[in-house]
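With my numbering as the guide, the letters of the sequence shown map in order to residues 63 to 174.
In this text, a Cβ means the ideal position worked out from N, Cα and C, and glycines have one as well.
Single-structure report; data block below.
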Amino acid sequence: MTLSQRNQKVKLSEFKADFFKALSNPVRIRILDELRDGELTVSEIRDRINVELPNVSQQLAVLKSKNLVVYRKEGVTIFYACSDPKIFRLLDVAKEIFNGQLSSLQKTIRAL
């Protein structure tokens, strides 16, 4: 493997880590889950996840900076949507992995 190829692998790993960091916040995951049904305003997201408006706005800014959400303006109202439906598949796979690990842990505990 050449030095250039190694550097590309390092950069790709850093990009992946940065991407997953954006998903490492429970509020951000809840926001994305709410966007499964389509676009929502900040106020609608706040009402659905019961988190203060400044926190919702802050987390949306992080998601936006990582291109996980997109937005459009209609007058003074801003609507947010998930940038790619594959993100929902990723979250679903993560849930399946978590459920599998939880199931395995429960079996281990029962065996004790």
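Is the beta carbon of residue i less than 8 Å from the beta carbon of residue j?
i, j, result
"residue 130", "residue 119", "no"
"residue 104", "residue 122", "yes"
"residue 97", "residue 141", "no"
"residue 91", "residue 164", "no"
"residue 155", "residue 143", "no"
"residue 128", "residue 81", "yes"
I need the boundaries of the beta strand (DSSP E) containing residue i, first residue and last residue.
i, result
"residue 78", "Looking at the DSSP string, residue 78 is not in any beta strand (DSSP E); the run it does join, the alpha helix (DSSP H), is 65-84."
"residue 134", "131-136"
Relative to the alpha-carbon of residue i, which residue among the options has its alpha-carbon at the smallest distance?
i, options, result
"residue 134", "80, 76, 100, 113", "100"
"residue 94", "148, 65, 74", "148"
"residue 88", "173, 167, 112", "112"
Quick one: is residue i buried, meaning 16 or more other Cβ sit within 10 Å of its Cβ, or exposed?
i, result
"residue 125", "buried"
"residue 171", "exposed"
"residue 107", "buried"
Tell me the DSSP bridge mates of residue i?
i, result
"residue 143", "132"
"residue 102", "142"
Identify the continuous alpha helix (DSSP H) that holds residue i and give its terminal residues.
i, result
"residue 161", "148-173"
"residue 87", "Unbroken run through residue 87: none, as it is neither H nor E."
"residue 117", "115-127"
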